[in-house]
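Scroll down for the structure; my scribbles are underneath it.
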Amino acid sequence: MSVKNIVRVSGVTKDFDLGKLVVNVLKGIDLEIETGKYVSIMGPSGSGKSTLFNMIGGLDKPTDGKVFIDEVDIAQLDAYELAWLRCRQIGYIFQTFNLIPVMTALENVTLPMTFAGTSNDAAVEHGMELLNQVGLEGRHSHKPSELSGGQQQRVAVARALANSPAIVLADEPTGNLDLTTGEDIINLLKELSLDRGVTVISATHDYKMLNVSDQVVWIRDGRVDKIQERSELDIKTGGLA
Amino acid sequence: MVCIVGIINAQLMSVTERFREIGTMKCLGALDRFIVRLFILEALMQGLVGSIIGALLGAIAAAVSSAVNLGFEALVFAPVGAILISIGTAVIIGTTLSLLGVIYPAILAARMQPVEAMRVEQ
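Note that the protein sequences, when read in sequence, are chains S and F. Position one of the first sequence corresponds to residue 2 (my numbering), numbered consecutively onward. Position one of the second sequence corresponds to residue 22 (my numbering), numbered consecutively onward.
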């Protein structure tokens with residue numbers, strides 16, 4: 002059986018038109034990501050990590066080239082189908098958490114389920130389960146402002162998993178957290194990816210991520226610099242860990 | 022006039038301040054329709070509650086001032102029908118203005134690409 006690719010990116014370029022100046026952020030990216038892998042996209046600031054990440058998540062449209070999620074070209078989808086894709090197939094985790102401030106932790110987690118049309122009782126039950134899983138027992142009625150950064154990110158992780166997506170996209174999930182808390186979140190993501198067979202794709206420049214990644218994609222100056230499997234990684238980045 | 026500008030501006034702000042939130046909801050798979058409906062519902066409730074409280078306070082203030090100026094007998098002859106009509110008009114105008122202020126930015130925000138909405142500085 003051939004290995005299934007959940008994400009396929011072919012020849013993607015992205016230009017940002019700043020009026021007088023056009024910036025080519027991505028200059029032709031080809032990438033395939035297998036189902037169930039934990040993939041890190043690494044690269045210096047400004048290399049186009051986040052832009053690529055947004056393309057994969059269907060949050061932005063490429064200037065040229067195609068992005069396939071589960072072999073479906075997302076440029077062909079209309080607004081309704083795209084919303085469905087974001088709702089059911091993809092879970093997002095952001096650097097800045099982006100929880101809804103007026104809602105409690107539980108409500109934040111059940112929100113995507115409401116969008117998916119789950120009944121309220123089922124959503125609450127599943128939401129509590131997810132919060133327990135990420136280690137937030139008894140904190141379900143707290144607002145984001147009453148939680149620490151690490152706890153907020155845990156809520157975001159639970160929210161990303163609410164509709165059992167096939168892919169979890171994490172854009173610098175540890176960027177706003179201290180070392181230990183960041184490590185906790187990384188381990189949590191890894192555990193969940195193993196448990197549920199979810200593909201985790203994270204854009205990061207956090208070297209702690211390397212330890213748990215199955216595959217690392219290095220981006221430099223809008224192109225894929227190299228793709229390393231975990232086995233080759235340990236030798237080459239031994240000095241950094 | 023001052024009220025019109027005030028109400029519309031307040032509603033415009035309440036949407037633009039929450040662009041990021043809207044972007045997040047779109048990422049989570051909210052439909053454009055859902056977001057517009059959410060804001061309209063909110064504006065409707067705020068408009069109703071606000072204008073009802075305002076109209077009642079206004080009516081009470083008018084009653085008190087006429088009682089002070091003209092003596093308590095004035096209240097006996099109070100034109101109840103006219104008062105109710107002006108309360109009703111105030112409520113309708115208030116709610117409509119609050120809706121008007123929210124509809125345009127809500128549609129604008131709902132149509133944005135999620136990344137653009139989230140890139141907006143808070």
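By construction, the Cβ of each residue, glycine as well, lies at the ideal position given by its N, Cα and C atoms. None of these values were measured; they are calculated from a predicted model.
Would you verify that the beta carbon of residue i is, or is not, closer than 8 angstroms to some beta carbon of chain S?
| i | result |
| --- | --- |
| CYS48 of chain F | yes |
| VAL36 of chain F | no |
| LEU118 of chain F | no |
| ALA111 of chain F | no |
| GLU42 of chain F | yes |
| VAL123 of chain F | no |
| LEU52 of chain F | yes |
| VAL136 of chain F | yes |
Would you mind giving the Cβ-Cβ distance between residue i and residue j, rounded to the nearest angstrom? I have them listed as a contact below 8 angstroms.
| i | j | result |
| --- | --- | --- |
| GLY44 of chain S | ILE220 of chain S | 4 angstroms |
| SER72 of chain F | VAL112 of chain F | 4 angstroms |
| ILE70 of chain S | VAL8 of chain S | 6 angstroms |
| LEU180 of chain S | VAL156 of chain S | About 20 angstroms separates the two Cβ atoms, so there is no contact after all. |
| ASP53 of chain F | ALA103 of chain F | Contact flag wrong, Cβ pair sits at about 44 angstroms. |
| PHE54 of chain S | CYS88 of chain S | Their Cβ separation, rounded to whole angstroms, is 18 angstroms, which puts PHE54 of chain S and CYS88 of chain S out of contact at 8 angstroms. |
Rounded to a whole number of angstroms, what is the C-alpha to C-alpha distance between residue i and residue j?
| i | j | result |
| --- | --- | --- |
| GLN153 of chain S | ILE187 of chain S | 14 angstroms |
| LYS47 of chain F | LEU86 of chain S | 11 angstroms |
| ALA80 of chain F | ILE108 of chain F | 8 angstroms |
| ILE168 of chain S | MET56 of chain S | 14 angstroms |
| LYS209 of chain S | PHE60 of chain F | 41 angstroms |
| GLY239 of chain S | GLU33 of chain S | Low per-residue confidence applies at GLY239 of chain S: pLDDT is 49, beneath 50, and the placement is therefore not dependable enough to give any value. |
| PRO135 of chain F | ALA51 of chain F | 11 angstroms |
| ASN177 of chain S | LEU78 of chain F | 48 angstroms |
| VAL158 of chain S | ALA82 of chain F | 53 angstroms |
| ARG224 of chain S | THR37 of chain F | 35 angstroms |
| GLY183 of chain S | LEU148 of chain S | 15 angstroms |
| MET2 of chain S | LEU195 of chain S | In this prediction, MET2 of chain S has a pLDDT of 44, which is less than 50 and means its spatial position is unreliable; nothing more can be read from the coordinates. |
| ALA242 of chain S | ASP31 of chain S | Residue placement at ALA242 of chain S is flagged as unreliable, the pLDDT there being 45, under the threshold of 50; the coordinate-derived value follows with that caveat. Straight-line Cα distance between these residues: approximately 28 angstroms. |
| THR110 of chain F | ASP16 of chain S | 53 angstroms |
| ILE106 of chain F | ASN90 of chain F | 23 angstroms |
| GLY122 of chain F | GLY139 of chain S | 40 angstroms |
| VAL218 of chain S | LEU60 of chain S | 20 angstroms |
| GLU1 of chain S | ILE74 of chain F | Here chain S comprises residues numbered 2 to 242, so residue 1 of chain S is not present and cannot be evaluated. |
Does any CB atom of chain F fall closer than 8 angstroms to the CB of residue i?
| i | result |
| --- | --- |
| PRO63 of chain S | no |
| PRO174 of chain S | no |
| ILE101 of chain S | yes |
| PRO145 of chain S | no |
| PHE116 of chain S | yes |
| ARG87 of chain S | yes |
| ALA84 of chain S | yes |
| ASP55 of chain S | Before going on, a small fix: residue 55 of chain S reads as Asn here, not Asp. By this cut-off, ASN55 of chain S is an interface position. |
| LEU27 of chain S | no |
| GLU132 of chain S | For clarity, residue 132 of chain S is Leu in the given sequence; the question names Glu instead. Judged by the 8 angstroms Cβ criterion, LEU132 of chain S is not in contact with chain F. |
| ALA80 of chain S | yes |
| LEU19 of chain S | no |
| PRO45 of chain S | no |
| LEU107 of chain S | no |
| LEU112 of chain S | yes |
| LEU60 of chain S | yes |
| GLY239 of chain S | Confidence at GLY239 of chain S is low in this model, with a pLDDT of 49, below 50, so the placement of that residue should be treated as unreliable; the coordinate-derived value is given next. No, GLY239 of chain S lies away from the interface with chain F (no Cβ there is under 8 angstroms from its Cβ). |
| TYR93 of chain S | yes |
| MET2 of chain S | The predicted model places MET2 of chain S with a pLDDT of 44, which falls under 50 and marks its position as unreliable; any figure quoted below should be read in that light. For MET2 of chain S, the answer is no, since every Cβ of chain F falls outside 8 angstroms of its Cβ. |
Pick from the options: whose alpha carbon is nearest that of residue i?
| i | options | result |
| --- | --- | --- |
| HIS143 of chain S | S:LEU162, S:SER165, S:PRO102 and S:PRO174 | S:PRO102 |
| GLU233 of chain S | S:ALA123, S:ASP215, S:ASP226 and S:SER146 | S:ASP215 |
| GLU82 of chain S | F:ALA64, F:ALA84, F:ALA76 and F:LEU49 | F:LEU49 |
| MET34 of chain F | F:ARG132, F:MET139 and F:SER119 | F:SER119 |
| MET139 of chain F | F:ILE106, F:PHE40, F:CYS24 and F:GLY75 | F:PHE40 |
| THR205 of chain S | S:LEU190, S:GLU173, S:THR181 and S:LEU193 | S:GLU173 |
| MET133 of chain F | F:ILE114, F:VAL57, F:ALA64 and F:VAL70 | F:VAL57 |
| GLY68 of chain F | F:ILE124, F:ILE114 and F:TYR125 | F:ILE114 |
| GLN229 of chain S | S:ILE42, S:MET114, S:VAL73 and S:GLU192 | S:ILE42 |
Using a Cβ cut-off of 8 angstroms, which residues of the region 55-80 of chain F contact any Cβ in chain A, in chain order?
-> In summary, chain A is missing from the structure at hand, where the protein chains are S and F.
Cβ contact check for the region 98-116 of chain S and the region 184-201 of chain S: 3 or more pairs under 8 angstroms | No, the region 98-116 of chain S does not touch the region 184-201 of chain S.
Are at least three pairs of beta-carbons, each pair with one atom in the region 158-166 of chain S and one in the region 119-138 of chain S, less than 8 angstroms apart?
-> These segments touch.
Cβ contact (3+ pairs, closer than 8 angstroms) linking the region 64-80 of chain S and the region 10-23 of chain S | The region 64-80 of chain S makes contact with the region 10-23 of chain S; the number of CB pairs closer than 8 angstroms reaches 3 or more.
Validate contact between the region 92-99 of chain S and the region 168-185 of chain S using beta carbons, cut 8 angstroms, 3 pairs = Contact between the region 92-99 of chain S and the region 168-185 of chain S is present, because at least three Cβ pairs lie under 8 angstroms.
Count the C-beta pairs between the region 88-100 of chain F and the region 22-41 of chain F that are closer than 8 angstroms, then say yes if the count reaches three, no if not.
-> No contact exists between the region 88-100 of chain F and the region 22-41 of chain F.
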